[in-house]
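Chemist:
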Amino acid sequence: KGNISNQLLMTKCLNVFDLIIEDLQQERNTAKIFLSTLSETLVSVQASVSSTIASATESNEKNDKINQELVDKLAEISLGINGAGSLVDMKVDVNGKLQQIALTLQKKTSYEEKQRITLREKLDNMSAQVEKLELQSKNFEKRIQEEQAKSLRDALTKLGNRAAFDEFFSKEIGTALTRPMIYIFTF
Numbered sequence: 004k005g006n007i008s009n010q011l012l013m014t015k016c017l018n019v020f021d022l023i024i025e026d027l028q029q030e031r032n033t034a035k036i037f038l039s040t041l042s043e044t045l046v047s048v049q050a051s052v053s054s055t056i057a058s059a060t061e062s063n064e065k066n067d068k069i070n071q072e073l074v075d076k077l078a079e080i081s082l083g084i085n086g087a088g089s090l091v092d093m094k095v096d097v098n099g100k101l102q103q104i105a106l107t108l109q110k111k112t113s114y115e116e117k118q119r120i121t122l123r124e125k126l127d128n129m130s131a132q133v134e135k136l137e138l139q140s141k142n143f144e145k146r147i148q149e150e151q152a153k154s155l156r157d158a159l160t161k162l163g164n165r166a167a168f169d170e171f172f173s174k175e176i177g178t179a180l181t182r183p184m185i186y187i188f189t190f
C-alpha cells in the first residue's frame, strides 16, 4: 500500500529536523572558529605592534645616547685642540678621539641594522597573519553566500521557495517604482 504510518512519518520528520539542527550547529561552530581565529590574530597583531612600538622607543633612546656620546667626543676633540701643548700632542689626541668616534659610529650602524632587521621580521609576521585572516574571511563570506543561495531553494525540487519569491518581488517592485510607466489604452 501507499499508506505510511503516523509513527513512521513522525520519525522521518524528526530525522529531517535533526539534520537541519546538525547543519545549523556545524555552521555555528564554523562561525565560532572563524571569530576565534580572528580574535587570536588581532591579539597577535596588537602584541606585535605594541612590541614594535616599545622596541622603537628603546631604539630611539639608545640612538640618542650614542648621539650624545658622539657630541661629547667631538667636544673633547675641541678641548684637546685648545689645550694641546704641541702639534704632535694635538695630532695624537685627535687621532685617538677620531678612532673612538669611528668605533661609536660602527656600533651605531650595527645597532640600527639589527633594529631594521627586527622591524622587518615583525612587519612580515604581521603581514602574513593579516593575509591568513583575509583568506579565512573570504572563505567564510563564500560559505555565507552559498548558504544564502541554498536558503532560497527548495532542497527537494531545487526550485525557488517563498523567500526567493519575496526577494525577487521586492527587487522588481523597487525597479518598477524607479522606471517611468507608460499606459496604453486601446478601445
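Here the sequence shown stands for residues 4 to 190, where the numbers follow the working numbering. Note that beta-carbon positions come from the ideal geometry of N, C-alpha and C, so glycine has one too. Computed from a predicted model, the values in this text were never measured in an experiment.
Who are the Cβ neighbours of ASN18 in its own chain at under 8 Å, not counting the five residues just before and after it?
Modeler: Same-chain partners within the cutoff: there are none.
Chemist: Going by Cα to Cα distance, which pick from GLU30, GLU43, VAL91 and SER54 is closest to ARG123?
Modeler: Of GLU30, GLU43, VAL91 and SER54, the residue nearest in Cα terms is SER54.
Chemist: Compute the beta-carbon to beta-carbon distance between SER83 and VAL97, rounded to the nearest angstrom, for a pair I have assumed lies under 8 Å.
Modeler: Here residue 83 is Gly; the residue named in the question, Ser, does not match the sequence. About 6 Å separates the two Cβ atoms, so the contact holds.
Chemist: Which one or two residues does DSSP pair with GLY163 in a beta bridge?
Modeler: Answer is ARG156, bridged to GLY163.
Chemist: Three or more C-beta pairs under 8 Å: does that hold for the region 59-71 against the region 144-161?
Modeler: Touching, no, given that fewer than three Cβ pairs across the two stretches are closer than 8 Å.
Chemist: I need the straight-line Cα distance from MET129 to GLU170, nearest angstrom please.
Modeler: Their backbone Cα atoms lie some 41 Å apart in a straight line.
Chemist: With 16 other CB atoms within 10 Å as the buried threshold, where does LYS94 fall?
Modeler: So LYS94 ends up on the exposed side.
Chemist: Report yes if the C-beta distance between THR107 and ILE80 is below 8 Å; otherwise report no.
Modeler: Cβ distance not < 8 Å, so THR107 and ILE80 don't count as in contact.
Chemist: Could you check what DSSP says for ALA87 in three-state terms: helix, strand or coil?
Modeler: DSSP places ALA87 in coil when its eight states are reduced to three.
Chemist: Taking the alpha carbon of ASN66 as the point to measure from, which residue in GLU115, ILE23, LEU27 and THR44 has its own alpha carbon closest?
Modeler: Here the closest residue by C-alpha is GLU115.
Chemist: Using the C-alpha atoms, what's the distance from THR160 back to LYS4?
Modeler: Confidence in LYS4 is poor, its pLDDT being 49 and thus under 50, which makes the residue's placement too unreliable to answer from.
Chemist: GLN102 to ASP127, Cα distance in whole Å?
Modeler: When rounded, the distance between both Cα atoms is 37 Å.
Chemist: So is LYS100 buried or exposed if we call it buried at 16+ other beta carbons inside 10 Å?
Modeler: Buried is the call here.
Chemist: Roughly how many angstroms lie between the CA atoms of PHE20 and GLN29, to the nearest whole one?
Modeler: When rounded, the distance between both Cα atoms is 14 Å.
Chemist: Within this structure, are the beta carbons of SER47 and GLN139 separated by less than 8 Å?
Modeler: No, the pair does not count as a contact, with Cβ atoms beyond the cut-off.
Chemist: Does DSSP put ASN6 in a helix, a strand or coil?
Modeler: Note: ASN6 maps to coil in three-state DSSP.
Chemist: So, at 7 Å on beta carbons, what are the nonlocal neighbours of THR121 in its own chain, with the 5 sequence-adjacent residues on each side left out?
Modeler: Counting only Cβ-Cβ distances below 7 Å, and skipping sequence neighbours, we find SER58.
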